[in-house]
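S.K.: Each residue of the sequence shown is one higher than the one before, counting from 173 in our numbering.
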Amino acid sequence: MKNSNKYCWIIRKEVTKMRVLKTADYNEMSRKAANIIAAQVITKPDCVLGLATGSSPIGTYKELIRMYENGDLDFSQVKSVNLDEYKGLPRENDQSYYYFMNDNLFNHINIDKANTNVPNGMEPDAEKECARYEELIKSYGGADLQLLGLGHNGHIGFNEPAEQFDKVTHCVDLQPSTIEANKRFFASADDVPKQAYTMGIGTIMNAKKIVVVVSGEDKAEIVKKAFFGPVTPNVPASILQFHPDVTVVCDAAAYSKVEE
Ligand code: F6R
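Below you can see the structure in the form of structure tokens.
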């Protein structure tokens, strides 16, 4: 696995067509990911983008905003579906994923907000909301491109390590490690919601194209496990190795354990 090139593409031909792109740092990771998304929007202006929250995609969204401001991107026909939302958090709460998306992307580009979708965390009937959201994604024909971050435990969306891969949008109990990782955004760990609505692994795998952004040394162990280890529901992101069109854009720090 040793590779001394500063930048490298690894195409894992032995089991998968997964492409792993190593970048120098977070900024380059963000530019590369934004370019892939931009190509999608340019080649299919009415595409469906699956979007993620968290620290990993913020730089990507900044780049997309820059391209829009430069007149290079038009989001007027784009539809979006977000991966997940905390259950019980109102949209106006600045920690809700609805708020995050408006704040970090939608308020700054010409997307029609009526075409942006985040699960409704305030719907108390989990079964009803999850069925509605899954149906909505289906009615769009699925995502043309799904952007993902990677959790420290290998989660994608809020699909936590489990005995099996959950297929469709569902309600999850967040794992203590996820609550711990997300408490930085709340006054205390007690304030982090304990449940969330999330697309299932099957919903994510139905996207035509997937881009994963991963940054930082703290993700190095999970990058190696998820993208170079066995495929198992204990590491939910590992299933991406079986998707026909995945690009992992990973900075050098997150990639560092692969090269050991
Ligand atoms: C966000 C999401 C999560 C994050 C993951 C990584 O919508 O579904 O799976 O992508 O927790 O988060 P960051 O990027 O903050 O390290």
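By construction, the Cβ of each residue, glycine as well, lies at the ideal position given by its N, Cα and C atoms.
Just checking tyrosine 258 against the ligand F6R - is the residue's beta carbon closer than 7 Å to any of the ligand's heavy atoms?
M.R.: Locating residue 258 in the sequence shown gives position 86, where the first residue counts as 1. For the ligand F6R, not one heavy atom lies less than 7 Å from the Cβ of tyrosine 258.
S.K.: From the DSSP output, read off the bridge partner residues of asparagine 289.
M.R.: As a first step, residue 289 is located in the sequence shown; it is residue number 117 there, counting from the start. According to DSSP, which records beta bridges pairwise, asparagine 289 is partnered with Val253.
S.K.: Measuring CB atoms only, is the stretch 313 to 321 touching the stretch 210 to 224, in the sense that at least three cross pairs come out at less than 8 Å?
M.R.: yes
S.K.: Based on the DSSP output, what are the partners of alanine 368 in its beta bridges?
M.R.: By 1-based counting over the sequence shown, the position of residue 368 is 196. In the DSSP output, where bridge partners are listed per residue, alanine 368 has Tyr258 and Val344.
S.K.: What are the start and end residues of the alpha helix (DSSP H) that includes valine 192?
M.R.: Here residue 192 corresponds to residue number 20 of the sequence shown, with the count starting at 1. Counting along the chain, valine 192 falls outside any alpha helix (DSSP H), though it belongs to the beta strand (DSSP E) covering 191 to 195.
S.K.: Short of 8 Å in beta carbon distance, which residues of its chain neighbour lysine 174, apart from the five on each side in sequence? Order them along the chain.
M.R.: For the purposes of this step, residue 174 is taken as the residue at position 2 of the sequence shown. Residue confidence is low: lysine 174 scores 43 on pLDDT, short of 50, so the model does not pin down where it sits. No coordinate-derived value is stated.
S.K.: If you check the beta carbons only, do methionine 371 and leucine 255 fall under 8 Å apart?
M.R.: Reading the sequence shown from its first residue, position 199 is the one you call residue 371. Reading the sequence shown from its first residue, position 83 is the one you call residue 255. A contact, by the Cβ cut-off of 8 Å.
S.K.: Relative to the ligand F6R, what is the chain-ordered list of residues with a Cβ closer than 5 Å to any of its non-hydrogen atoms?
M.R.: Ala224, Thr225, Gly226, Ser227, Ser228, Leu255, Asp256, Gly321, Gly323 and Gly329
S.K.: Only counting the same chain, and skipping five residues up and downstream in sequence, which positions put a Cβ closer than 8 Å to that of proline 416?
M.R.: Sequence index remark: in the sequence shown, residue 416 carries index 244 (1-based). Lys189, listed in sequence order.
S.K.: When burial is assigned at 16 or more other CB atoms within 10 Å of the CB, is alanine 424 buried or exposed?
M.R.: Start at 1 with the first residue of the sequence shown, and residue 424 comes out as number 252. Label assigned to alanine 424: buried.
S.K.: Do you know how far the Cα of glutamate 332 is from the Cα of arginine 191?
M.R.: Here the question's residue 191 lines up with position 19 in the sequence shown. Here the question's residue 332 lines up with position 160 in the sequence shown. The straight-line gap from Cα to Cα measures roughly 23 Å.
S.K.: Under 8 Å, Cβ to Cβ, is there at least one residue of chain E near glutamate 393?
M.R.: Going by chain labels, chain E is absent from the structure shown, which holds only one protein chain.
S.K.: Given a threshold of 16 other Cβ atoms within 10 Å of its Cβ, counted over all protein chains shown, does glycine 243 qualify as buried or as exposed?
M.R.: The sequence position of residue 243 within the sequence shown is 71, counting from 1. Exposed: under 16 other Cβ atoms inside 10 Å.
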